[in-house]
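Working notes for the structure below.
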Amino acid sequence: MLPGRVDDTPIIGAGVYADDSLGAVSCTGMGEAIVKITLAKEICMNLAAWTPARAARWSLKRILAVGGRAGVIVISSKGQFTISHNTAYMASDSVKRGRLVVRESFSRKSPWS
Numbered sequence: 218m219l220p221g222r223v224d225d226t227p228i229i230g231a232g233v234y235a236d237d238s239l240g241a242v243s244c245t246g247m248g249e250a251i252v253k254i255t256l257a258k259e260i261c262m263n264l265a266a267w268t269p270a271r272a273a274r275w276s277l278k279r280i281l282a283v284g285g286r287a288g289v290i291v292i293s294s295k296g297q298f299t300i301s302h303n304t305a306y307m308a309s310d311s312v313k314r315g316r317l318v319v320r321e322s323f324s325r326k327s328p329w330s
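Count along the sequence shown from 1, add 217, and you get the number used in our numbering.
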């Protein structure tokens, strides 16, 4: 984190983006890099051709090229979703059949490590 940095999440296209016909994306991580590649919009636009997992994986690899790391929650207009990250840790939760599912995810050896 850089001194004096400003959060990326409120910036539409960078930290958050939605399109009725494609889906929605929410990001967390190194805001400077997220803003630089407009991470949320990039992933959302790729939902036109790819699954949420593939779109997230592609962009999370790409963000490394600008020195960033991030985590994303992606849901397609068809209800498919993924929670992905290239950070050391990302906690998240979801609801399945009325029950809260808490997921703590630690990085494993991955293509972007």
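Where a beta carbon is used, it is the ideal one built from N, C-alpha and C, also for glycine.
Treat the numbers as computed from the prediction; the structure is a model and nothing was measured.
- Distance from the Cα of residue 251 is smallest, within the candidate group 230, 239, 268, for 230.
- Under the 8 Å Cβ criterion, the segment 261-273 does not count as touching the segment 310-319, having fewer than three qualifying pairs.
- Counting the other CB atoms within 10 Å of its CB gives residue 320 a total below 16, which places it among the exposed residues.
- Listed in chain order, the beta strand (DSSP E) elements of length 3 or more contained wholly in the segment 274-300 are 287-293.
- Membership of residue 250 in the alpha helix (DSSP H) is indicated by the continuous run 248-254.
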